[in-house]
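Asker:
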Amino acid sequence: MVLKRIELNGFKSFADKTEILLSPGLTVVVGPNGSGKSNVADAIRWVLGEQSPRSLRGSKMEDVIFAGSDRRKPVGMAEVSLTLDNEKGMLPVDYREVTVTRRVFRSGESDYLLNRSPCRLRDLQELFSDTGLGREGISIIGQGRVDEVLSSRPEERRALIEEAAGIVRYRNRKREAVKK
Ligand code: ATP
Ligand code: MG
């Protein structure tokens, strides 16, 4: 599955609407210290449902909204969209291109969109389960995560292997069915 586009608007240091187009293959983000490289990685984890402000290097969720600079006033909303190529149908929806969007306002109001239609975080989690994407997915390996895998308990390591094997969706559905 190919990540085609990242759009940031009001997210952290990206005060203006910024579009990052990715071609197939390897993409490397380079730039001086403090230029916003890690903010791009934070944006990807955020739109995929990251709920912990600390793991996004803030203290509250509002910290992801552009807070102003010497020359710019703060903005009221942060929005990030990720567009994925779904030509091969890896994601179980009838779209050839899938765009997921997350927004948060200073009021605390926040929402998720799937191809511009409102949806729940749970819908996105279900969509991305077994693809390696998603907040705890294996596609995003943060600093320190490699050590974590090596030193994790067998049950935790099993969860990673299950995700890679593509059976998490069925496990979750089974759990839901048993509950009912
Ligand atoms: P390094 O090479 O040191 O890892 P980096 O390119 O990864 O740097 P980031 O950590 O992505 O840099 O960006 C840090 C910058 O983002 C800081 O200048 C910080 O002030 C700015 N920043 C973070 N959150 C906000 C916010 N809410 N509003 C405005 N600026 C922000
Ligand atoms: Mg960094």
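Letter by letter, the sequence shown follows residues 159 to 338 of the working numbering. Idealized CB from N, CA, C, for every residue including glycine. For clarity, every value in this text was computed on a predicted model and none was experimentally measured.
#1: Which residues end up in the neighbourhood of the ligand ATP when you take C-beta atoms closer than 5 Å to any of its heavy atoms?
#2: Report the residue from Val307, Lys162, Asp269 whose alpha carbon sits nearest the alpha carbon of Leu180.
#3: To the nearest angstrom, how far is it from the Cα of Pro232 to the Cα of Ser213?
#4: Quick one: is Leu242 buried, meaning 16 or more other Cβ sit within 10 Å of its Cβ, or exposed?
#5: Any idea what DSSP makes of Ile223, helix, strand or coil?
#6: Looking at the structure shown, is Asn197 part of a helix, part of a strand, or coil, going by DSSP?
#7: Taking the CB atoms as reference points, tell me whether Gly381 and Asp281 lie closer together than 8 Å.
#8: Out of Ile223, Tyr253, Asn330, Met248, which has the shortest C-alpha to C-alpha gap to Asp174?
#9: Taking Cβ positions, are Ile298 and Leu240 nearer each other than 8 Å?
#10: Could you name the residues of the same chain whose beta carbon sits closer than 7 Å to that of Trp204, not counting the 5 residues immediately before and after it, in chain order?
#11: Please give the ranges of any alpha helix (DSSP H) in the region 255-318, keeping only runs that are unbroken, at least 4 residues long and fully inside the region.
#12: Quick one: what's got a C-beta closer than 6 Å to Gly194's C-beta in the same chain, skipping five residues either side?
#13: Whole angstroms is fine: what's the gap from Ile319's alpha carbon to Ser310's?
#14: Please confirm whether Gly168 and Met235 have their CB atoms less than 8 Å apart.
#15: Name the two residues that bound the continuous beta strand (DSSP E) containing Arg212.
#16: Using 8 Å as the threshold, is the C-beta distance between Val251 and Leu285 below it?
Answerer: Taking the definition as stated:
#1: With the cut-off at 5 Å, the residues found are Lys170, Ser171, Asn191, Gly192, Ser193, Gly194, Lys195, Ser196, Asn197, Phe224, Ala225.
#2: It is Lys162.
#3: Cα to Cα, Pro232 sits roughly 22 Å from Ser213.
#4: Buried: at least 16 other Cβ atoms inside 10 Å.
#5: Three-state result, Ile223: strand.
#6: Looking at Asn197 - three-state DSSP - the assignment turns out to be helix.
#7: Outside the shown range of the chain (159 to 338) lies residue 381, about which nothing can therefore be said.
#8: The shortest CA-to-CA distance from Asp174 to any of Ile223, Tyr253, Asn330, Met248 is the one to Ile223.
#9: Against a cut-off of 8 Å, the Cβ pair of Leu240 and Ile298 comes out as no contact.
#10: Setting aside the 5 residues that flank it on each side, Trp204 is surrounded in the same chain by Leu214, Val222, Val238, Arg260, each with a C-beta closer than 7 Å to its C-beta; the list follows chain order.
#11: Those alpha helix (DSSP H) runs which fall completely within the region 255-318 and span 4+ residues are 279-286, 303-309.
#12: Taken in chain order, the residues that qualify are Ser171.
#13: When rounded, the distance between both Cα atoms is 12 Å.
#14: Between Gly168 and Met235, the gap from beta carbon to beta carbon is short of 8 Å.
#15: Arg212 -> no beta strand (DSSP E), and no H or E assigned at all.
#16: By the CB criterion at 8 Å, Val251 and Leu285 fall inside the cutoff.
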